Amino acid sequence: MTREEICRALAERLQACDLCPNNCGVDRSQGQIGACGVGDSPAVYQNFMHYGEERVIIPAFVINLCGCGLACPTCPERLRFGQKRLPTGSPDAYAAALCNYFEHRQMPKTVEWIGGEPTAQIKFVLETSWCLKERLPEGPLIYLNTNGYFDIALLDMMAGAIDGFVFDLKCMPACTSIVGGNHDYFDVVTRVISRAASLYPEHIIIRHLVMPGHVSCCTAPVLEWCISHVPGASLNVMTGFQDFERGTALPEADRASALALVHRLGRSHDMIDGMPF
Ligand code: SF4
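Count along the sequence shown starting at 1, add 7, and that's the number in my numbering.
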């Protein structure tokens, strides 16, 4: 597909939105809002140079987009992206502003689209990425940091705009309350990750946030799925869970069990909290 065809196809899909399995069917082009909470115009709530992401992608210029089709009960971002919008202008104007910033401050190793969930605004993401690549042909790689809960057909539209992925794989099918109860979560996300890994074998990172009480039911089988289905992907097991509303954090025993699993795998390209172990 040409860029024009991709833009046209995505604009049409927004008229009865089915970009993710929620299949809301709302007409976002007319201002209707689905489960993700975003309409037709670009909605960015934050962008900044991030030095705390995985070693292999920092410094990463992260662009936080509003909206997400999942409703994870402990997500700390949901409250933040409802509050603020940065003025971006058109994709080309935003790409120009980013290039200007990079040239005067620092060239990042990667630009990282993140959310919320960036695929809810995939047309803006792709158009801006294309513009960035035209302006900076030798510039940063562009990563999509995504929950993976989107229509797999979108992956085929990303060539030439997206260079790599940071996925989250949060839980197994029995524990979908972690992601707000979407029962197809594991099937959808693992299909998307498998397909992305076949298209981008060198540039896949899979994050797994260890959840309290979910090491044996989620962390262990998630890691097993990853090493058997996408062995080239780098795993980042994250132990920094905090539920700010309830004031809880990952218990030390869960952290120790999860770290033991990673050490037992013994793979040099995996990470703990973003750092090689
Ligand atoms: S992208 Fe948003 S509006 Fe579209 S189907 Fe998903 S949740 Fe619904």
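Each residue gets a CB set at the ideal place from its N, CA and C atoms; glycine is no exception.
All of these numbers come straight from a predicted model, not from anything done at the bench.
Tell me the DSSP bridge mates of A67?
-> H57 and T117
Pull up the distance between the alpha-carbon of N166 and that of I121, whole angstroms please.
-> Correcting the residue identity first, residue 166 is Ala in this sequence and not Asn. The alpha-carbon atoms of A166 and I121 are separated by roughly 18 Å.
Give me the Cα-Cα distance between E84 and I40, rounded to the nearest whole angstrom.
-> 19 Å
If you compare alpha carbons, which of E145, L143, L151 and M114 is closest to F131?
-> L151
When the Cα atoms are used, what is the spatial distance from L162 to L148?
-> 17 Å
Three-state secondary structure assigned by DSSP to F284 | coil
Inter-residue spacing [alpha-carbon to alpha-carbon] between H3 and M282 = Only positions 8 to 284 of the chain appear in the structure, and residue 3 is not among them; the question remains open.
Enumerated in chain order, which unbroken segments of the beta strand (DSSP E) with a length of 3 residues or greater are wholly contained in the region 160-225?
-> 171-175 and 211-216
Opposing strand residues paired with L17 [DSSP bridges] | DSSP, once it has assigned bridges, lists no residue as partnering L17.
Start and end residues, alpha helix (DSSP H) containing Y150 | From DSSP, Y150 is part of no alpha helix (DSSP H) but of the beta strand (DSSP E) over L148 to T153.
Proximity of E124 and C14 at Cβ, strictly below 8 Å | no
Between the CA atoms of A102 and A50 - distance to the nearest angstrom | 15 Å
Spell out a yes or no on whether the region 105-116 and the region 26-34 are touching, meaning 3 or more CB-CB pairs, one atom from each, closer than 8 Å.
-> no
In chain order, what residues of the same chain lie with their CB nearer than 6 Å to the CB of V285, ignoring the 5 residues before and after it?
-> This structure cannot speak to residue 285, because the chain is shown only from 8 to 284.
Compare the C-alpha of C288 against each of V229, R87 and P115 and name the closest.
-> Outside the modelled stretch of the chain, which goes from 8 to 284, sits residue 288, for which no answer is possible.
7 Å CB neighbourhood of S264 in its chain, flanking five on each side removed = V222
Compare the C-alpha of E141 against each of E110, G239 and D99 and name the closest.
-> D99
When DSSP builds the beta bridges, which residues end up paired with N243?
-> R214 and M278
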